[in-house]
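A.B. asks: Here it is: the structure, laid out below.
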Amino acid sequence: MYWFPRSYFFLISALFAGQAYGFLAPLLDQGEWGGETGFEFRYFDDPGEFGQEQYATSLRFQGEYHALWNEDQDSFTFLPFVRLDQQDEERTHADIREALWIHVGDSWELRGGVTRVFWGRTEFNHLVDVINQLDLVDGDEEKLGQPLLNLSLVHDWGIFDFYFLMGFRERTFPGEDGRLRTPLVVDADNAQYLGSAGKDSMDFAFRWQRPLTDELEMALSLFSGVDREPTYSFNFNFSDPMLVPYYSNKTQVGLELEYIYEGWAVKFEGIDVTNLIQDYNAATLGVEYSFYSLFDSNVDMTFITEYMWDSRDETAPGFLEHDVGLGARFTFNDEFDSTILAGLLWDPETDEKVASLEGERRFFSDFKVKLMARVMMERGQPQVDDSTIAILNALASSNLLNDEIVDRAFIIDFIVDLIRENGLSILFENEQFVPALQQLQRLANANRKLSLLESDDYIQLELIYYY
Amino acid sequence: MNRKLYRAWLTLPALAVTLGLAAPLATAETPEEKGRAIFEEADRRNDGFGDNQGDMLMILKNKRENTSEREMSVQGLEGKNGEGDKTMMVFLSPKDQKGTALLTYQHKDRDDDQWLYLPALKRVKKIASSKKSGPFMGSEFSFEDIGGQQVDDYTYKYLRDEQVDGQDCFVVESYPKDKNSGYTKVITWVDKQHYRTLKADFYDRKNSHLKTLVAKDFNLYLEKFWRPHEMEMVNHQTGRSTVLKQNNIKFNVGLSDDDFTQNSLKRAR
Chain A
3 MYWFPRSYFF
13 LISALFAGQA
23 YGFLAPLLDQ
33 GEWGGETGFE
43 FRYFDDPGEF
53 GQEQYATSLR
63 FQGEYHALWN
73 EDQDSFTFLP
83 FVRLDQQDEE
93 RTHADIREAL
103 WIHVGDSWEL
113 RGGVTRVFWG
123 RTEFNHLVDV
133 INQLDLVDGD
143 EEKLGQPLLN
153 LSLVHDWGIF
163 DFYFLMGFRE
173 RTFPGEDGRL
183 RTPLVVDADN
193 AQYLGSAGKD
203 SMDFAFRWQR
213 PLTDELEMAL
223 SLFSGVDREP
233 TYSFNFNFSD
243 PMLVPYYSNK
253 TQVGLELEYI
263 YEGWAVKFEG
273 IDVTNLIQDY
283 NAATLGVEYS
293 FYSLFDSNVD
303 MTFITEYMWD
313 SRDETAPGFL
323 EHDVGLGARF
333 TFNDEFDSTI
343 LAGLLWDPET
353 DEKVASLEGE
363 RRFFSDFKVK
373 LMARVMMERG
383 QPQVDDSTIA
393 ILNALASSNL
403 LNDEIVDRAF
413 IIDFIVDLIR
423 ENGLSILFEN
433 EQFVPALQQL
443 QRLANANRKL
453 SLLESDDYIQ
463 LELIYYY
Chain B
18 MNRKLYRAWL
28 TLPALAVTLG
38 LAAPLATAET
48 PEEKGRAIFE
58 EADRRNDGFG
68 DNQGDMLMIL
78 KNKRENTSER
88 EMSVQGLEGK
98 NGEGDKTMMV
108 FLSPKDQKGT
118 ALLTYQHKDR
128 DDDQWLYLPA
138 LKRVKKIASS
148 KKSGPFMGSE
158 FSFEDIGGQQ
168 VDDYTYKYLR
178 DEQVDGQDCF
188 VVESYPKDKN
198 SGYTKVITWV
208 DKQHYRTLKA
218 DFYDRKNSHL
228 KTLVAKDFNL
238 YLEKFWRPHE
248 MEMVNHQTGR
258 STVLKQNNIK
268 FNVGLSDDDF
278 TQNSLKRAR
């Protein structure tokens with residue numbers, strides 16, 4: 003479920019409390035409402051590995067209120083969001099995606115409230131995009147609203163944005179009954195913080211974007227605050243084994259470049275990260291080419307290829323550490339705005355592959371249908387036959403239990419204590435102990451990250467009504 | 018969606034067309050010179066519009082007369098000191114497209130710059146400018162039909178004089194220089210009095226008759242600028258057609274460069 007950081011209230015009070023009703027009147031009188039409702043059905047090719055259902059239905063409601071006043075120099079947007087999920091109680095959640103006031107001046111803008119911000123150029127991953135937390139239960143690219151204050155200056159040298167991020171939001175994760183989850187559920191309610199990181203952290207970000215030539219655009223960004231991506235540790239509770247997310251501070255410098263000429267586009271995103279755990283660099287390089295009016299039809303096709311690299315190699319928390327992304331986007335240019343996107347992610351070192359196909363089309367002017375299918379094509383083998391000793395060894399030498407979070411000596415002491423109390427037989431007889439270790443070992447096997455989702459091939463159909 | 022924008026609707030009397038120099042000069046011209054002169058005059062007569070805005074309604078009809086509609090609002094700013102015009106187009110309906118916006122910087126000597134804002138992702142995407150012949154938003158208008166063409170983008174040939182709906186017109190054939198164009202030629206009927214495009218026939222790459230445009234319901238703004246409130250493009254090969262209506266056209270609404278930045282693109286409504 004969701005919560006508001008305390009600073010949310012400070013912010014909202016700061017925005018509105020000082021002003022009398024005179025300020026609020028146009029905000030409430032002159033606005034207009036809109037919104038959308040989505041009905042989603044997911045069907046998985048296999049039953050859940052941990053007894054989850056093979057299908058799930060879900061309802062999504064999203065309102066949108068927009069008001070303009072003061073000769074259009076002030077605006078307010080409110081975007082509440084609710085999802086109800088049939089199976090996963092963690093996926094049933096609500097959020098304020100946006101509650102943003104914007105004041106426009108001459109060559110500057112001040113934005114305050116809750117919003118989502120996108121930075122970046124590439125398609126398969128978004129390295130430089132750091133302002134918002136992911137709403138992972140809702141989708142790979144969905145974001146939670148971030149409370150902030152943003153001053154934007156439009157200058158001859160480009161656009162300069164300064165962000166004060168008020169409070170940190172924790173990532174959402176699928177629950178016990180949800181699909182597309184890790185073998186051990188992430189205990190999102192008990193997130194831990196390292197160093198000075200915390201929920202009430204006040205973070206800072208900056209971005210400068212400008213064209214360098216007619217064809218080349220550039221953006222330079224800086225972020226200092228709580229890393230939106232957690233690392234994980236085991237909770238050492240063998241009767242209720244879970245992963246605990248750990249959040250810590252990072253400083254990130256990001257560079258974006260985009261070169262567009264005729265049908266070609268070359269895109270680059272690179273980051274340099276300094277943090278408590280492990281400093282690293284990561285980059286994505288992409289090349290796209292568009293064929294217009296394919297075979298004299300109205301269809302346009304864009305072919306996308308991207309290479310993703312991360313200096314942490316297989317210890318990177320995601321699975322895009324040395325991967326190739328291939329995609330083809332078909333735009334039909336018809337009255338229904340039909341599109342199809344086919345994508346393939348391929349790790350040349352482990353030969354893991356994920357293929358996806360997405361399509362959408364409008365009908366009856368106010369409805370839209372979206373269809374998606376995702377398949378893990380090359381699956382790792384879960385090594386459930388290993389002996390307990392082998393599992394323990396693999397675990398001890400893995401990066402999952404990071405030195406900064408849990409000391410290895412602590413793990414050994416813990417297990418020795420466990421054996422002292424319960425006898426050696428716990429390693430072989432306990433119903434939770436061995437399976438929990440096995441799942442931990444799967445999580446620690448960086449070369450087979452996709453094996454975690456091996457039984458999660460699925461198709462998803464969404465019907466959306468706009469009003 | 019992309020490419021050369023909509024300024025045409027608001028700034029040019031439809032397809033960048035108009036009349037040649039005064040009649041006495043015409044006698045000494047070749048048909049090619051006279052054709053070009055007609056378009057130069059059309060261009061000249063549109064100078065000085067400053068800034069403007071308007072609403073557009075696009076009605077798409079298929080062979081069975083089923084229709085679907087799109088609504089947009091458009092703002093335009095005339096370029097100063099030899100720079101091209103700037104245009105902001107915001108989509109209002111269908112509702113799933115609401116808030117999608119397109120910003121275009123036209124350039125006289127090179128390809129235009131164009132950025133598309135996708136509100137669901139909050140993402141601004143730069144768009145490649147080599148797409149010309151494709152349909153705009155599923156309509157029978159292509160990007161090049163509505164883009165802000167320059168006189169130099171074509172060669173011309175004056176054909177004859179002819180009446181359209183009782184109005185005396187020049188008939189001029191023009192040939193696109195760009196190999197990405199979807200046309201081999203366009204025949205345009207330009208009225209002699211005001212240099213407005215009343216009608217145009219488009220011929221595809223196989224040189225067969227593809228489409229016909231008819232513009233009507235012209236209104237005069239600032240006692241100088243003629244704008245058609247309705248245009249219809251009929252595709253003879255597919256039987257489909259698109260009607261484009263313009264409403265609430267206003268000039269001198271006080272727009273400036275600040276209204277045509279990536280920041281204003283993100284909050285366009």
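Residue numbers (our numbering), protein chains in the order written: chain A, 3 to 469; chain B, 18 to 286. Even glycine gets a Cβ: it sits at the ideal position worked out from N, Cα and C.
With DSSP run on the structure shown, which of helix, strand or coil describes Q441 (chain A)?
C.D. replies: Locating residue 441 (chain A) in the first sequence gives position 439, counting from the first residue. Helix.
A.B. asks: Is S281 (chain B) helix, strand or coil when you go by DSSP?
C.D. replies: Working through the second sequence from its first residue, we reach residue 281 (chain B) at position 264. In the structure shown, S281 (chain B) sits in a helix (DSSP, three-state: H, G or I).
A.B. asks: Quick one: any contact between the segment 100-111 of chain A and the segment 257-274 of chain A, if contact means 3 or more CB pairs under 8 Å?
C.D. replies: The segment 100-111 of chain A vs the segment 257-274 of chain A: no contact.
A.B. asks: How many angstroms separate the CA atom of L61 (chain A) from the CA atom of D458 (chain A)?
C.D. replies: Looking up residue 61 (chain A) in the first sequence gives position 59. Looking up residue 458 (chain A) in the first sequence gives position 456. L61 (chain A) and D458 (chain A): Cα-Cα distance of roughly 21 Å.
A.B. asks: Just the chain B side, please: which residues come within less than 9 Å of N192 (chain A) by C-beta, in chain order?
C.D. replies: Sequence index remark: in the first sequence, residue 192 (chain A) carries index 190 (1-based). Under the 9 Å cutoff, chain B gives no residues; its nearest Cβ is about 31 Å from N192 (chain A).
A.B. asks: Let me make sure I understand the geometry here. Which of A:S241, A:I273, A:R183, A:G288 has the alpha-carbon closest to that of L222 (chain A)?
C.D. replies: If you number the first sequence from 1, residue 222 (chain A) lands on position 220. Minimum Cα distance to L222 (chain A) is reached at A:I273.
A.B. asks: Within 10 angstroms of its Cβ, does R113 (chain A) collect 16 or more other Cβ (buried), or is it exposed?
C.D. replies: Walking along the first sequence from the start, residue 113 (chain A) turns up at place 111. Flag for R113 (chain A) reads buried.
A.B. asks: To the nearest angstrom, how far is the alpha carbon of P49 (chain A) from that of Q56 (chain A)?
C.D. replies: The sequence position of residue 49 (chain A) within the first sequence is 47, counting from 1. The sequence position of residue 56 (chain A) within the first sequence is 54, counting from 1. Cα to Cα, P49 (chain A) sits roughly 5 Å from Q56 (chain A).
A.B. asks: How long is the line joining the alpha carbons of Q443 (chain A) and K149 (chain B), rounded to whole angstroms?
C.D. replies: One-based indexing of the first sequence puts residue 443 (chain A) at position 441. One-based indexing of the second sequence puts residue 149 (chain B) at position 132. When rounded, the distance between both Cα atoms is 55 Å.
A.B. asks: What three-state label does DSSP hand G169 (chain A) in the structure shown?
C.D. replies: Here residue 169 (chain A) refers to the residue found at position 167 of the first sequence. Three-state result, G169 (chain A): coil.
A.B. asks: Nearest-angstrom Cα distance between N237 (chain A) and E34 (chain A)?
C.D. replies: For this step, residue 237 (chain A) is matched to residue 235 along the first sequence. For this step, residue 34 (chain A) is matched to residue 32 along the first sequence. Each residue's Cα considered, the two are about 48 Å apart.
A.B. asks: Opposite L261 (chain B) in the DSSP bridges: which residues?
C.D. replies: Translated into the one-based positions of the second sequence, residue 261 (chain B) becomes position 244. Per DSSP, B:M75, B:M248.
A.B. asks: Answer yes or no: does any C-beta atom of chain A fall closer than 8 Å to that of G99 (chain B)?
C.D. replies: Position 82 of the second sequence, counted from the first residue, corresponds to residue 99 (chain B). It does not; no Cβ of chain A falls within 8 Å.
A.B. asks: Residues in its own chain within less than 6 Å of I161 (chain A) by CB, not counting five upstream and five downstream?
C.D. replies: In the first sequence, counting from the first residue as 1, residue 161 (chain A) sits at position 159. Q211, listed in sequence order.
A.B. asks: Taking just the CA atoms, how far does R171 (chain A) sit from Q148 (chain A)?
C.D. replies: Here residue 148 (chain A) is taken as the residue at index 146 of the first sequence, counted from 1. Here residue 171 (chain A) is taken as the residue at index 169 of the first sequence, counted from 1. Answer to the nearest angstrom: the Cα atoms are 7 Å apart.
A.B. asks: Below 6 Å CB to CB, which residues in the same chain sit around F219 (chain B) once its five sequence neighbours on both sides are set aside?
C.D. replies: Numbered from 1 along the second sequence, position 202 holds the residue referred to as residue 219 (chain B). Closer than 6 Å at the Cβ level, and outside the excluded window around F219 (chain B), lie Y200, V203, L227, K228.
A.B. asks: When the Cα of A58 (chain A) is compared with those of A:L102, A:F332, A:P176, which residue comes out closest?
C.D. replies: Locating residue 58 (chain A) in the first sequence gives position 56, where the first residue counts as 1. Selected option, being the one with the closest Cα: A:P176.
A.B. asks: By the criterion of Cβ-Cβ separation under 7 Å, what are the contact partners of E337 (chain A) in chain B?
C.D. replies: Taking the first residue of the first sequence as position 1, residue 337 (chain A) is located at position 335. The answer, in chain order, is L77, S85, G155.
A.B. asks: Measure the Cβ-Cβ separation of Y249 (chain A) and Y165 (chain A) and say whether it is below 8 Å.
C.D. replies: Here the question's residue 249 (chain A) lines up with position 247 in the first sequence. Here the question's residue 165 (chain A) lines up with position 163 in the first sequence. It is not a contact, given that the beta carbons lie outside the stated cut-off.
A.B. asks: Please give me, in chain order, every unbroken run of the beta strand (DSSP E) with length at least 3 that falls completely inside the segment 300-351 of chain A.
C.D. replies: Correct list: 302-312, 324-333, 341-348.
A.B. asks: Closest by CA to C186 (chain B), which one among B:V141, B:R53, B:K216, B:F160?
C.D. replies: Within the second sequence, numbered from 1, the residue matching residue 186 (chain B) stands at position 169. Of the listed residues, the one whose Cα sits closest to C186 (chain B) is B:K216.
A.B. asks: Cα separation between G141 (chain A) and T286 (chain A)?
C.D. replies: Looking up residue 141 (chain A) in the first sequence gives position 139. Looking up residue 286 (chain A) in the first sequence gives position 284. Cα to Cα, G141 (chain A) sits roughly 22 Å from T286 (chain A).
A.B. asks: Taking 8 Å as the CB-CB limit, is N4 (chain B) close to chain A?
C.D. replies: Residue 4 (chain B) falls outside the range modelled here, since chain B spans only 18 to 286, and no answer is possible.
A.B. asks: Any Cβ of chain B within less than 8 Å of the Cβ of I161 (chain A)?
C.D. replies: Along the first sequence, read from residue 1 onward, the residue named residue 161 (chain A) stands at position 159. So, interface residue.
A.B. asks: Which of the three DSSP states, helix, strand or coil, is assigned to Q114 (chain B)?
C.D. replies: As a working mapping, residue 114 (chain B) is identified with position 97 in the second sequence. In the structure shown, Q114 (chain B) sits in a helix (DSSP, three-state: H, G or I).
A.B. asks: In chain B, which residues lie with their C-beta within 7 Å of the C-beta of S77 (chain A)?
C.D. replies: In the first sequence, counting from the first residue as 1, residue 77 (chain A) sits at position 75. Ordered by position in chain B, the residues that pass the 7 Å Cβ test against S77 (chain A) are R284.
A.B. asks: Taking a cut of 7 Å between CB atoms, which residues from the segment 355-368 of chain A lie near chain B?
C.D. replies: Listed by position along the chain: R364, S367, D368.
A.B. asks: So, for G256 (chain B): in the same chain, excluding its five sequence neighbours on each side, which residues have a beta-carbon less than 8 Å away from its beta-carbon?
C.D. replies: Numbered from 1 along the second sequence, position 239 holds the residue referred to as residue 256 (chain B). Taken in chain order, the residues that qualify are N79, K80.
A.B. asks: S154 (chain A) versus chain B: which residues are under 8 Å apart at the beta carbon?
C.D. replies: Stepping through the first sequence from its first residue, residue 154 (chain A) is reached at position 152. Under the 8 Å cutoff, chain B gives N280.
A.B. asks: In whole angstroms, what separates the C-alpha of V251 (chain B) from that of S299 (chain A)?
C.D. replies: Locating residue 251 (chain B) in the second sequence gives position 234, where the first residue counts as 1. Locating residue 299 (chain A) in the first sequence gives position 297, where the first residue counts as 1. Their Cα atoms are separated by approximately 17 Å.
A.B. asks: By the DSSP assignment, the alpha helix (DSSP H) with P193 (chain B) in it spans what residues?
C.D. replies: Working through the second sequence from its first residue, we reach residue 193 (chain B) at position 176. Not the alpha helix (DSSP H): P193 (chain B) falls in the beta strand (DSSP E), residues 184-193.
A.B. asks: Quick check on this structure: which residue in B:T205, B:L120, B:E161 has the alpha carbon closest to the alpha carbon of V181 (chain B)?
C.D. replies: Residue 181 (chain B) sits at position 164 when you count from the first residue of the second sequence. Closest option to V181 (chain B), Cα to Cα, is B:T205.
A.B. asks: Once the 5 residues before and after L296 (chain A) are set aside, which same chain residues still bring their CB inside 6 Å of it?
C.D. replies: Translated into the one-based positions of the first sequence, residue 296 (chain A) becomes position 294. Cβ neighbours of L296 (chain A) beyond the five flanking positions: M303.
A.B. asks: Short check: CB of P48 (chain B) to CB of K143 (chain B), under 8 Å?
C.D. replies: For the purposes of this step, residue 48 (chain B) is identified with residue 31 of the second sequence, where counting begins at 1. For the purposes of this step, residue 143 (chain B) is identified with residue 126 of the second sequence, where counting begins at 1. For P48 (chain B) and K143 (chain B), no; Cβs fall outside 8 Å.
A.B. asks: Under 8 Å, do M378 (chain A) and E360 (chain A) count as touching if we go by C-beta distance?
C.D. replies: In the first sequence, residue 378 (chain A) corresponds to position 376, counting from 1. In the first sequence, residue 360 (chain A) corresponds to position 358, counting from 1. The answer is no: Cβ separation not under 8 Å.
A.B. asks: From the beta carbon of I262 (chain A), is the nearest beta carbon of chain B less than 8 Å away?
C.D. replies: Reading the first sequence from its first residue, position 260 is the one you call residue 262 (chain A). Taking Cβ atoms only, chain B reaches closer than 8 Å to I262 (chain A), which makes this a yes.
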